[in-house]
Amino acid sequence: MPTKNQVLNVLRRRYDYHSARSILLEVAIANKLDEQKEYTGKEVKKLAKGIAALGDRVSDVVDGLNELAKEPEAPA
Numbered sequence: 181m182p183t184k185n186q187v188l189n190v191l192r193r194r195y196d197y198h199s200a201r202s203i204l205l206e207v208a209i210a211n212k213l214d215e216q217k218e219y220t221g222k223e224v225k226k227l228a229k230g231i232a233a234l235g236d237r238v239s240d241v242v243d244g245l246n247e248l249a250k251e252p253e254a255p256a
């Protein structure tokens, strides 16, 4: 499961330290997600959708969050 710090690291591709934290909180609240230490892949995808709605120049962040949201493959 992706951690809050991993999500913030992706957000820092576009935003500075404090802005990344503010954006995460804003998007989490808008998607009715609690601020937490770990997020499920489904929750990270919700965050990515919320960020995509913010405007331009966020494609790198959205792509990074979608990559982070991918569930690890089950061992064979």
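In our numbering, the protein residues as written are 181 to 256. Note that beta-carbon positions come from the ideal geometry of N, C-alpha and C, so glycine has one too.
Where E215 falls: helix, strand or coil (DSSP): Working through the sequence shown from its first residue, we reach residue 215 at position 35. Note: E215 maps to coil in three-state DSSP.
C-beta contact flag for V190 and L234 at 8 Å: For the purposes of this step, residue 190 is taken as the residue at position 10 of the sequence shown. For the purposes of this step, residue 234 is taken as the residue at position 54 of the sequence shown. When the beta-carbon positions are compared, V190 and L234 stay at least 8 Å from each other.
Start and end residues, alpha helix (DSSP H) containing G235: Counting from one through the sequence shown, the residue named residue 235 turns up at place 55. From DSSP, G235 is part of no alpha helix (DSSP H); its letter is neither H nor E.
Report the option in L213, V241, R237 and K222 whose CA atom is closest to the CA atom of K250. As a working mapping, residue 250 is identified with position 70 in the sequence shown. The residue from L213, V241, R237 and K222 with its alpha-carbon nearest to that of K250 is K222.
May I ask you to list the residues that DSSP assigns as paired with T183? Reading the sequence shown from its first residue, position 3 is the one you call residue 183. In the DSSP output, where bridge partners are listed per residue, T183 has E218.
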